[in-house]
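*Asks:*
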Amino acid sequence: MRNTLNAPVESDGSGYWYGEPNFFIKSIPLTEGEAFAVAVLNPLLEQYRSTPLEGQLRSVFQKITSCLPEKVTVDTSFLNPKITFIPDKCESADPGMFQVVFDALRECRPLCFGYRPLSKSSYMERTIDPYHVVCQRGNWYVLGRDHGKGDVRIFSFGRMRDPHLGEGGFRMPEDFDPADWFDAEMGVWLNKGEPMTVELLFDKEVGTFALNRSWHTGQEVRQNEDGSVYVKFTTTQKQEVLRQVLGQGHTVKVLAPPELVAEVKAELEKMQGLYGE
3 MRNTLNAPVE
13 SDGSGYWYGE
23 PNFFIKSIPL
33 TEGEAFAVAV
43 LNPLLEQYRS
53 TPLEGQLRSV
63 FQKITSCLPE
73 KVTVDTSFLN
83 PKITFIPDKC
93 ESADPGMFQV
103 VFDALRECRP
113 LCFGYRPLSK
123 SSYMERTIDP
133 YHVVCQRGNW
143 YVLGRDHGKG
153 DVRIFSFGRM
163 RDPHLGEGGF
173 RMPEDFDPAD
183 WFDAEMGVWL
193 NKGEPMTVEL
203 LFDKEVGTFA
213 LNRSWHTGQE
223 VRQNEDGSVY
233 VKFTTTQKQE
243 VLRQVLGQGH
253 TVKVLAPPEL
263 VAEVKAELEK
273 MQGLYGE
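Counting in the numbering used here, the sequence shown runs from 3 upward without gaps.
#1: Helix, strand or coil for Val190 per DSSP?
#2: Are Asp105 and Leu167 close, meaning C-beta to C-beta below 8 Å?
#3: With burial defined as no fewer than 16 other Cβ atoms inside 10 Å of the residue's Cβ, what is the status of Val1: buried or exposed?
#4: For Thr75, count the other beta carbons within 10 Å of its own beta carbon; 16 or more makes it buried, fewer makes it exposed. Which is it?
#5: For Thr129, write down the residues that DSSP places opposite it in a beta bridge.
#6: Is Glu271 helix, strand or coil by DSSP?
#7: If you run the structure through DSSP and keep just helix, strand and coil, what is Ser216?
#8: Helix, strand or coil for His252 per DSSP?
#9: Within this structure, are the beta carbons of Val135 and Leu113 separated by less than 8 Å?
#10: Which one or two residues does DSSP pair with Asp185 in a beta bridge?
#11: When you compare the CB positions of Gln241 and Trp191, do they come within less than 8 Å of one another, or not?
#12: Looking only at its chain, what residues have a beta carbon closer than 8 Å to the beta carbon of Gly17, apart from the 5 residues adjacent to it on each side?
#13: How is the beta strand (DSSP E) around Glu222 delimited, first residue to last?
#14: Where does Lys73 sit, in a helix, a strand or coil, going by DSSP?
#15: Could you give the residue range of the beta strand (DSSP E) that holds Gly146?
#16: Taking the C-alpha atoms as reference points, what is the distance between Val200 and Gln221?
#17: If you check the beta carbons only, do Cys110 and Phe172 fall under 8 Å apart?
#18: Could you name the residues of the same chain whose beta carbon sits closer than 6 Å to that of Pro259, not counting the 5 residues immediately before and after it, in chain order?
#19: With DSSP as the reference, label Ala258 as helix, strand or coil.
#20: Measuring CA to CA, which of Gly229, Arg155, Gln239, Met188 is closest to Glu196?
#21: Please report the distance separating the alpha-carbon of Gln246 from that of Ser230.
#22: How would you call Lys146, buried or exposed, if buried means at least 16 neighbouring beta carbons within 10 angstroms?
#23: Answer yes or no: do Arg128 and Asp153 have a C-beta to C-beta separation smaller than 8 Å?
#24: What did DSSP end up calling Leu81 once you bin it into helix, strand or coil?
#25: Quick check on Leu167: does DSSP put it in helix, strand or coil?
#26: Starting from Met99, trace the alpha helix (DSSP H) both ways and give me its first and last residue.
#27: Relative to the C-alpha of Gly160, which residue among Gln274, Gly140, Glu269 is closest?
#28: In angstroms with no decimal places, state the Cα-to-Cα distance between Glu207 and Gln225.
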């Protein structure tokens, strides 16, 4: 303890004690792997830049490292040339947006803002009761009851502007469950409905990718004799699955459900129209 922790240990031959009455061991035992995990934490926090979480998470990181023994340091500089983090590209959002949205969420206050839908070029005034905030691949969304539409909708921080707290307050519905509105394992496309069973057939060209990927809880994945890979899982996120399928191009075929097959065909026809015959 004297050598590794600089502890003021004294002894008279019959026992040991601390020579300084206020001394305590200011340390957290970490394995080599855990120390490395702490080292990579700092650059990973970049995905929370400009959000209220950034300062709080960095404070936690600093408290952890400050509790290490004086002779143990966590040097992240070696990571710069040897490890690269590629964050998902996301919509830009005003840093002040996060604080207002989180205040409304915490205080159960209506949230007012201008919103630009995907198909519009102008902003529309909206007021919602915010129920839940979710971050998907770096993009932030707030889920809540829209006062004007009278139902639950989801809004992207990147398409909101001039947020402010509304008058009064609201009560969270006792039966509200975020899982009823989006699938946390797949995406945030708002879809309150029956789950669908998706069946995909991946070409042997990408067989290893399909086998190694975790698609969903309770998934069924098997490789066929010809090297192709069959994948089956259940989700409510038809639009997210459609996006993933189109991203794989000719290496994957949708087997079920029929409505997803129809949407893939319709999207391919639209794409063919862009490029001609």
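In this text, a Cβ means the ideal position worked out from N, Cα and C, and glycines have one as well.
*Replies:* Put simply:
#1: coil
#2: yes
#3: As displayed, the chain neither begins before 3 nor continues past 279, which places residue 1 out of reach and without an answer.
#4: Since pLDDT at Thr75 reaches only 48, below the 50 mark, its modelled position is unreliable, and the value read off the structure follows with that caveat. The residue in question, Thr75, is exposed, as its Cβ has fewer than 16 Cβ neighbours within 10 Å.
#5: Cys114
#6: helix
#7: coil
#8: helix
#9: no
#10: Gly189
#11: yes
#12: none
#13: 222-225
#14: Reliability fails at Lys73, whose pLDDT of 46 lies under 50, so the model's placement of it is uncertain and the value that follows must be treated cautiously. Coil at Lys73, not helix or strand.
#15: 141-148
#16: 10 Å
#17: yes
#18: Met198
#19: strand
#20: Gln239
#21: 18 Å
#22: One point to set straight first is that residue 146 is Gly, not Lys, in the sequence displayed. It is buried - the Cβ of Gly146 has at least 16 other Cβ atoms within 10 Å.
#23: no
#24: Below a pLDDT of 50, predicted positions are generally treated as unreliable, and Leu81, at 48, falls in that range; no measurement from the model is reported.
#25: strand
#26: 97-109
#27: Gly140
#28: 12 Å
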